[in-house]
């Protein structure tokens with residue numbers, strides 16, 4: 006810094022700033038030239054503040070985006086929704102939203118439904134479903150096959166029902182709108198959960 010300050014001591018601050026701007030512009034141009042024809046892979050969090058001509062968002066499936074943990078808390082679900090919006094708005098011209106009918110995850114095959122965020126989009130959005138295709142076979146162990154084919158258990162609940170949650174323990178249903186239940190858990194407080202995904206069992 007001292008050597009740079011001495012270099013521009015006689016020329017003044019304006020000349021220094023002009024030179025810095027030119028260097029920055031040239032570096033930016035070189036970076037753009039090198040990035041042409043390449044793909045940048047990043048997380049949604051690291052994409053904040055950036056923009057690209059074309060964006061591919063993959064994994065728009067329940068338990069991925071939104072993450073499975075978000076099904077237990079409405080605030081977490083809203084955060085996942087904001088994160089999805091951040092990803093979508095990184096595209097200047099073209100945006101591809103992708104989900105798979107099945108995927109290998111955590112050592113087993115999962116069949117997750119499309120993300121709820123897709124159904125929340127405007128009717129004017131052009132959503133296209135591609136033909137199903139296979140990338141080959143994957144041999145599962147008997148336990149993996151059992152887990153992947155096991156249907157989801159969705160309890161039939163009403164207000165006032167007592168339930169048991171694998172993490173929060175015993176609770177009482179305070180309100181129910183569709184699959185979204187507001188449940189009070191003793192010592193844990195009130196939680197808003199999606200009963201189609203939350204590990205809940207009806208008691209009694």
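Numbering (the numbering used here), first residue to last: 6 to 209.
Glycine residues also receive a C-beta, built at the ideal position from the N, C-alpha and C atoms.
Remember, it's a predicted structure, so these values are computed and weren't measured experimentally.
Identity of the residues DSSP links to residue i by a beta bridge
i: residue 59; result: 99
i: residue 190; result: 176 and 194
i: residue 170; result: 174 and 205
i: residue 119; result: 66
i: residue 182; result: 185
Chain-order list of residues whose beta-carbon lies under 6 Å from that of residue i (same chain, five-residue window excluded)
i: residue 179; result: 187 and 189
i: residue 61; result: 101
i: residue 104; result: 65, 66 and 119
i: residue 202; result: 76
8 Å Cβ cutoff met for residue i and residue j
i: residue 102; j: residue 123; result: yes
i: residue 58; j: residue 99; result: yes
i: residue 56; j: residue 72; result: no
i: residue 168; j: residue 205; result: yes
i: residue 106; j: residue 115; result: no
Euclidean distance between Cα positions of residue i and residue j
i: residue 74; j: residue 54; result: 26 Å
i: residue 164; j: residue 79; result: 18 Å
i: residue 197; j: residue 97; result: 35 Å
i: residue 117; j: residue 43; result: 30 Å
i: residue 113; j: residue 162; result: 30 Å
i: residue 199; j: residue 160; result: 11 Å
i: residue 93; j: residue 45; result: 15 Å
i: residue 76; j: residue 208; result: 21 Å
Burial state of residue i (16 or more Cβ within 10 Å)
i: residue 50; result: exposed
i: residue 66; result: buried
i: residue 172; result: exposed
i: residue 126; result: exposed
Closer than 7 Å: residue i CB and nearest the ligand FMN heavy atom
i: residue 204; result: The model on display carries no ligand, and the ligand FMN is accordingly not part of it.
Nonlocal neighbours in the same chain, by C-beta distance under 8 Å from residue i, ignoring five residues either side
i: residue 176; result: 167, 168, 169, 170, 188, 189, 190, 191, 193 and 196
i: residue 174; result: 190, 191, 192 and 193
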